[in-house]
Amino acid sequence: MRSIIREVGVSCLALFIVLGLAAGCDSAGCAHAQRLRALDCEVLAPSDTKSVQGKTRALSALLNLAYIIPAGDEEFGLAAGLRLRFKNGKHNGKYSAWIDKREVAFGDLNGDGATDALVIFRIEGAKLGNQTLCFLAVVLNVDSSPVNPASIELPGWDIRSTKIESDTIKIELMTWGPDDPRCCPSVKQQLQYRFAGGKIVEARP
Numbered sequence: 015m016r017s018i019i020r021e022v023g024v025s026c027l028a029l030f031i032v033l034g035l036a037a038g039c040d041s042a043g044c045a046h047a048q049r050l051r052a053l054d055c056e057v058l059a060p061s062d063t064k065s066v067q068g069k070t071r072a073l074s075a076l077l078n079l080a081y082i083i084p085a086g087d088e089e090f091g092l093a094a095g096l097r098l099r100f101k102n103g104k105h106n107g108k109y110s111a112w113i114d115k116r117e118v119a120f121g122d123l124n125g126d127g128a129t130d131a132l133v134i135f136r137i138e139g140a141k142l143g144n145q146t147l148c149f150l151a152v153v154l155n156v157d158s159s160p161v162n163p164a165s166i167e168l169p170g171w172d173i174r175s176t177k178i179e180s181d182t183i184k185i186e187l188m189t190w191g192p193d194d195p196r197c198c199p200s201v202k203q204q205l206q207y208r209f210a211g212g213k214i215v216e217a218r219p
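Heads up, the sequence shown is in the working numbering, so the first residue is 15 and it goes up one at a time.
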């Protein structure tokens, strides 16, 4: 317990406890109960106070977590294994980083029946110049506590949609054509990933 408190903080742990605890709603109003087992409700239903609170608490925990930087960005001074700690969805230090809560998605990523999450975060500043790096992070629900075991860099920062279907992560984003300026990617790309063997790996459609 002490190590968990050190990693995510007391408030973060308390907020994330909703992942893994049943909210106890009527099954007729839980269209995604089989996929959102830990929240046990349709989290977007504004008339369901418990589910709205559950979503709010889960998002708050995800916005106040430390996320790992994957290998491969040492050229920008981002050492492999570095963790950036976020507060209310932002990290301010040598690098500026942020999370857009609208891009968070929930689902079971490792088949244990608990609700996990995917989070998109972006980094800019320091040695990056005018570049923005975009990362996909997997957050597992381990004994009702959030754990980020892996992250990968995405090939673009203009994210159009994020979702989890079964155990598959589906991302739609814009990437650059041969004549596109850095500001304006114009090529739509569909990406699919799975979490396997402790890593985020590409999945064939």
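Glycine included, C-beta positions come from ideal geometry on N, C-alpha and C.
Residue from the options with nearest C-alpha to residue i
i      : options                          : result
Ile166 : Arg174, Phe100 and Phe209        : Phe209
Ala164 : Ser175, Lys104 and Ala151        : Ala151
Arg116 : Tyr109, Ala72, Asn106 and Lys108 : Ala72
Leu168 : Ser110, Thr189 and Glu138        : Thr189
Lys101 : Lys108, Trp112 and Gly95         : Trp112
Gln145 : Ser110, Ser159 and Ile185        : Ser110
Residue span of the beta strand (DSSP E) that contains residue i, given as start and end
i      : result
Pro163 : Ser159 to Glu167
Ile82  : Ala80 to Ile82
Cys148 : Leu147 to Val156
Asp126 : Neither: Asp126 is in no beta strand (DSSP E) and is coded neither H nor E.
Tyr207 : Val201 to Ala210
Lys108 : From DSSP, Lys108 is part of no beta strand (DSSP E); its letter is neither H nor E.
Whole-angstrom distance between residue j and residue i, CA atom to CA atom
i      : j      : result
Arg136 : Cys198 : 17 Å
Lys177 : Phe149 : 15 Å
Ala128 : Asp122 : 6 Å
Leu76  : Val118 : 9 Å
Tyr81  : Asp126 : 22 Å
Ala217 : Ile173 : 18 Å
Asn78  : Val161 : 12 Å
Lys104 : Ser74  : 12 Å
Thr96  : Leu147 : Correcting the residue type first, residue 96 is Leu in the shown sequence and not Thr. Spanning the two alpha carbons is a distance of roughly 15 Å.
Leu187 : Asp157 : 32 Å
Arg196 : Trp171 : 11 Å
Lys213 : Phe120 : 18 Å
Gln206 : Ile185 : 6 Å
Asn124 : Ile83  : 21 Å
Val153 : Arg99  : 14 Å
Asp114 : Glu138 : 14 Å
Asn155 : Thr182 : 16 Å
Assigned exposure category for residue i - 16 Cβ within 10 Å defines buried
i      : result
Ser180 : exposed
Val215 : exposed
Gly43  : Note that Gly43 has pLDDT 31, beneath the 50 cutoff, so the model's placement of it is unreliable and the number below is only indicative. With fewer than 16 other Cβ atoms within 10 Å, it is exposed.
Gln204 : exposed
Val133 : buried
Lys69  : buried
Gly211 : exposed
Asp130 : buried
Gly107 : exposed
Ser175 : exposed
Val201 : exposed
Residues bridged to residue i [DSSP beta-bridge criterion]
i      : result
Leu98  : Tyr81
Ser175 : Glu186
Ala119 : Leu132
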